[in-house]
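Residues 231 to 298 in the working numbering are what the sequence shown spells out, letter by letter.
All C-beta atoms in this analysis are idealised placements derived from N, C-alpha and C, irrespective of residue type, glycine included.
On a predicted model such as this, the values are computed, not experimentally measured, just so you know.
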Amino acid sequence: MYPLRNTKSSTQGDRCVKVLLDAERRGNDRIKEAQTYRVKIIKQAKIDAEIEKNAFQKVSFFLFIVYL
231 MYPLRNTKSS TQGDRCVKVL LDAERRGNDR IKEAQTYRVK IIKQAKIDAE IEKNAFQKVS
291 FFLFIVYL
């Protein structure tokens with residue numbers, strides 16, 4: 231393999247590599263952001279389900295008491 235010379239083409243190649251690395255970093259950042267958002271949505275869904283379950287249990291208990 232030949233060493234890179236300080237020519238216009240090597241500078242363009244360096245820029246291409248930099249652009250590719252920047253694109254990869256941005257892609258990784260977007261993936262991390264999406265995963266964080268997904269985790270937040272799942273946690274909120276679990277909280278909502280627990281609230282709904284507790285409300286249903288309270289209503290069921292009161293209906294049971296009323297029918298006795």
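_In whole angstroms, give me the CA-to-CA distance for isoleucine 272 and glutamate 263._
On the sequence shown, residue 272 is found 42 positions in, with the first residue counted as 1. On the sequence shown, residue 263 is found 33 positions in, with the first residue counted as 1. If I take the Cα positions, the gap works out to 14 Å.
*Assign valine 296 to buried or exposed, taking buried as 16 or more other Cβ atoms, counted over all protein chains shown, within 10 Å of its Cβ.*
Here residue 296 refers to the residue found at position 66 of the sequence shown. By the 10 Å Cβ count, valine 296 comes out exposed.
*Cα separation between valine 269 and aspartate 278?*
Residue 269 sits at position 39 when you count from the first residue of the sequence shown. Residue 278 sits at position 48 when you count from the first residue of the sequence shown. Using only the alpha carbons, I get a separation of about 14 Å.
*What number of angstroms, rounded off, separates the C-alpha of glycine 257 from the C-alpha of alanine 285?*
Working through the sequence shown from its first residue, we reach residue 257 at position 27. Working through the sequence shown from its first residue, we reach residue 285 at position 55. Spanning the two alpha carbons is a distance of roughly 42 Å.
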